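Undergrad:
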Amino acid sequence: MASHIKEFIFYFSLLVFIFIAGFTEAEARERDRDYYFGLSGGQTRVKNTQTQKYQDATTFGVNFGLRVFSNDSIWTGAELRYTQTTAKESVNDSGTSTTSTYEVETTGLYFTGRSRGKAYVKARLGAANQVITVNNAVIQDTTRGSYGLGLGLRQGGAVLEIDYTWYGDDVTVVSIGYVFGY
49 MASHIKEFIF YFSLLVFIFI AGFTEAEARE RDRDYYFGLS GGQTRVKNTQ
99 TQKYQDATTF GVNFGLRVFS NDSIWTGAEL RYTQTTAKES VNDSGTSTTS
149 TYEVETTGLY FTGRSRGKAY VKARLGAANQ VITVNNAVIQ DTTRGSYGLG
199 LGLRQGGAVL EIDYTWYGDD VTVVSIGYVF GY
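If you're matching positions, the sequence shown starts at 49 in our numbering and goes up one per residue.
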């Protein structure tokens with residue numbers, strides 16, 4: 049829990065910095081499109097309160113979004129987000145020397161809102177299916193509530209976006225990537 053609080057403080061501080069760095073609304077509004085897509089990379093963390101200890105795994109993600117409504121201060125829409133660990137990582141059973149490998153795949157559908165401007169804050173709320181596979185056997189395949197926070201900064205024709213997403217209470221993904229089209 050303490051590591052999540054430290055990460056939240058770090059990302060919140062980054063958010064404040066981006067807002068102070070610059071906020072040009074007119075330029076951002078001119079570049080808005082009705083749809084967007086993005087690619088990202090990051091880290092997946094699996095928390096198991098029972099018997100296993102998971103290593104953090106490198107993750108690749110793609111997202112597609114559609115604008116539903118916008119005004120002078122907010123932009124809202126729907127977003128489909130998919131992430132997959134890029135390699136099998138280790139998971140250890142506590143009390144034994146057994147080492148296994150695992151993979152995580154998530155697919156989520158979200159309602160997304162973000163502030164307008166060159167630098168923005170983004171929030172998403174929805175549901176996601178997560179599949180955790182250990183030694184090529186599915187140990188968890190559930191659909192749960194999911195939510196995320198992000199920070200974005202426009203750079204030319206793309207947006208650099210940092211994102212933190214929670215899938216239920218046992219999987220989190222921290223990612224950084226580029227979004228095209230908004």
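Even for Gly, the Cβ is constructed at its ideal location relative to N, Cα and C.
Quantities reported herein were computed from a predicted structural model and do not represent experimental measurements.
1) On a CA-only basis, which of A206, Q103, Q188 and Y168 is nearest V179? Give me that one, please.
2) Could you give the first and the last residue of the continuous beta strand (DSSP E) run that contains R172?
3) Would you report the Cα separation of T106 and Q91, rounded to the nearest angstrom?
4) If you pair each beta-carbon of the region 169-177 with each one of the region 133-140, do three or more pairs fall below 8 Å?
5) Any idea if L87 is buried or exposed, counting beta-carbon neighbours within 10 angstroms, 16 or more meaning buried?
6) Does DSSP classify S121 as helix, strand or coil?
7) Counting only the same chain and skipping the five closest in sequence on each side, list residues whose C-beta sits under 7 Å from that of G229.
TA: Taking the definition as stated:
1) As a first step, residue 179 is located in the sequence shown; it is residue number 131 there, counting from the start. It is Q188.
2) Looking up residue 172 in the sequence shown gives position 124. That run of the beta strand (DSSP E) goes A167 to V182.
3) Translated into positions along the sequence shown, residue 106 becomes position 58. Translated into positions along the sequence shown, residue 91 becomes position 43. Their backbone Cα atoms lie some 5 Å apart in a straight line.
4) no
5) Translated into positions along the sequence shown, residue 87 becomes position 39. By the neighbour-count rule (16 or more Cβ atoms within 10 Å), L87 is not buried but exposed.
6) Within the sequence shown, the letter at position 73 stands for residue 121. Coil, per DSSP.
7) In the sequence shown, counting from the first residue as 1, residue 229 sits at position 181. Contacts found: R81, Y83, Y84 and F85.
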